[in-house]
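Contents: one structure, followed by commentary.
Residue numbers (mature numbering (1 follows the signal peptide of the UniProt record, and there is no 0)): -24 to -1, 1 to 304.
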């Protein structure tokens, strides 16, 4: 990928004012170019979904595709255990708040991620809302663009039946449907921590361990969450058109589904009162709603390539430089 440089030769200037303005612009441009406006792509963090693992062939192939689209990209796969088996188990069982705190610490201490000017991130299924939680609660290193595929941003009311021999999944779903709001389940069963039934919002608001907090749905709002989301350049929300695994599928766009009634995000109070910064992000053109054909996690290389081409790559400072020039 060719670097974007903005150094120019200053022509003979007619006035002192012109000279000062051009000098200020040139200074900012030289500083930016030397600091971060080069060919090096930003690192990319990947968080996989329920029942998957950081070492799975499909997830590793996504990392390879990112590197093919933007050569030189450092790709980091979120893991909750070095054992692939235990990492998969952690997608079903564990305290999401504690898991997220560990990921925050791991990224902040990583020698490459922590020294980058920013990172990009892609979350598959539940990995998407967990990465959004990372942005809201930690964001160090800061995320530039977050891309999510089929994520449960507004929660779930059900999951499709598990495969007959997947005992991890079957055990988790039995707990989800039987004891959703007990402290035991809310602190140990991962899908229960983003369960949200519009017909029982009182229980959700009182007992939810994770989603009610990162969606800022309780009376006491965390202003940091909104501020961090608004600093993103883009939050890209992919919805699978034929998704029958995530129920309701519209959760991927923050839509509220209550029976047959669907309330789009922009008509919801969480947007209109900007509980988590989505309205502010939308106003600057950074909130993207996209669809992709197929069932849950049926992704083509073309869809992924298009996303990685548009939203990942070198750190572009042109917009920020223009703001600084204006201040000078």
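Cβ atoms here follow ideal geometry from the backbone N, Cα and C, with glycine treated the same way.
{"Query": "Paired residues, beta bridge with residue 97 - DSSP", "Result": "21 and 122"}
{"Query": "Residues bridged to residue 211 [DSSP beta-bridge criterion]", "Result": "122 and 263"}
{"Query": "Residue 239: first and last residue of the uninterrupted alpha helix (DSSP H) it sits in", "Result": "Run containing residue 239: none in the alpha helix (DSSP H); it sits in the beta strand (DSSP E), 237 to 239."}
{"Query": "Outcome for residue 129 when other beta-carbon atoms lying within 10 angstroms are tallied against a minimum of 16", "Result": "buried"}
{"Query": "Among 47, 38, 28 and 83, nearest to residue 66 - alpha-carbon criterion", "Result": "28"}
{"Query": "With 16 other Cβ atoms within 10 Å as the buried cut-off, status of residue 261", "Result": "exposed"}
{"Query": "Residues of its chain near residue 233, where Cβ-Cβ distance is below 6 Å and the 5 sequence neighbours each way are ignored", "Result": "224 and 226"}
{"Query": "Minimum C-alpha distance to residue 95 - residue among 279, 86 and 102", "Result": "86"}
{"Query": "Inter-residue Cα distance where the pair is residue 76 and residue 109", "Result": "8 Å"}
{"Query": "Local conformation of residue 301 per DSSP, three classes", "Result": "Caution applies to residue 301, whose pLDDT of 36 falls short of 50 and renders its modelled position unreliable; the model cannot decide the point."}
{"Query": "The alpha helix (DSSP H) enclosing residue 277, as first and last residue numbers", "Result": "277 to 287"}
{"Query": "Helix, strand or coil at residue 220 according to DSSP, with G and I counted as helix", "Result": "coil"}
{"Query": "Nearest candidate by alpha-carbon position, reference residue 221, set 199, 16, 145 and 193", "Result": "145"}
{"Query": "From 166, 230, 237 and 212, residue whose alpha carbon lies closest to that of residue 63", "Result": "166"}
{"Query": "Of the residues 151, 282 and 180, the one placed nearest residue 69, counting alpha carbons only", "Result": "151"}
{"Query": "Residues bridged to residue 171 (per DSSP)", "Result": "132"}
{"Query": "Beta carbon of residue 97 nearer than 8 Å to that of residue 133", "Result": "no"}
{"Query": "Distance, residue 249 Cα to residue 24 Cα", "Result": "31 Å"}
{"Query": "Closer than 7 Å: residue 275 CB and nearest the ligand NAD heavy atom", "Result": "Judged by which ligands are present, the structure shown has none, so any question about the ligand NAD falls away."}
{"Query": "Residue 241 beta carbon less than 8 Å from that of residue 256", "Result": "no"}
{"Query": "Closest by C-alpha distance to residue 308, when choosing among 33, 174, 111 and 121", "Result": "What the structure shows of the chain is the stretch from -24 to 304, and residue 308 is not part of that stretch, so it cannot be assessed."}
{"Query": "Same chain, Cβ closer than 7 Å to residue 209, neighbours up to 5 away in sequence not counted", "Result": "120, 121 and 262"}
{"Query": "The alpha helix (DSSP H) enclosing residue 52, as first and last residue numbers", "Result": "Counting along the chain, residue 52 falls outside any alpha helix (DSSP H), though it belongs to the beta strand (DSSP E) covering 51 to 53."}
{"Query": "Residues near residue 112 by beta carbon distance below 6 Å, same chain, minus five either side", "Result": "190, 201 and 204"}
{"Query": "As assigned by DSSP and simplified to three states, the class of residue 62", "Result": "helix"}
{"Query": "Close beta carbons around residue 38, own chain, < 7 Å, minus the five adjacent residues each side", "Result": "22 and 280"}
{"Query": "Rounded separation between residue 182 and residue 73 - CA only", "Result": "16 Å"}
{"Query": "Residue 232 - partner residues in DSSP beta bridges", "Result": "239"}
{"Query": "Inter-residue Cα distance where the pair is residue 185 and residue 288", "Result": "32 Å"}
{"Query": "Through-space distance from residue 58 to residue 168, alpha-carbon basis", "Result": "24 Å"}
{"Query": "Straight-line Cα distance separating residue 117 from residue 9", "Result": "Residue confidence for residue 9 is low, a pLDDT of 42 falling below 50, so the modelled location carries little weight; the figure read from the coordinates is stated next. For residue 9 and residue 117, the distance between alpha carbons rounds to 21 Å."}
{"Query": "For residue 103 and residue 140, the rounded distance between their alpha carbons", "Result": "24 Å"}
{"Query": "Neighbourhood of residue 50 by C-beta distance below 6 Å, restricted to the same chain and skipping five residues each side", "Result": "19 and 88"}
{"Query": "Exposure of residue 44, with buried meaning 16 or more beta-carbon neighbours within 10 Å", "Result": "exposed"}
{"Query": "Limits of the alpha helix (DSSP H) - the one that residue 90 falls within", "Result": "Premise fails: residue 90 is in no alpha helix (DSSP H) and is neither H nor E."}
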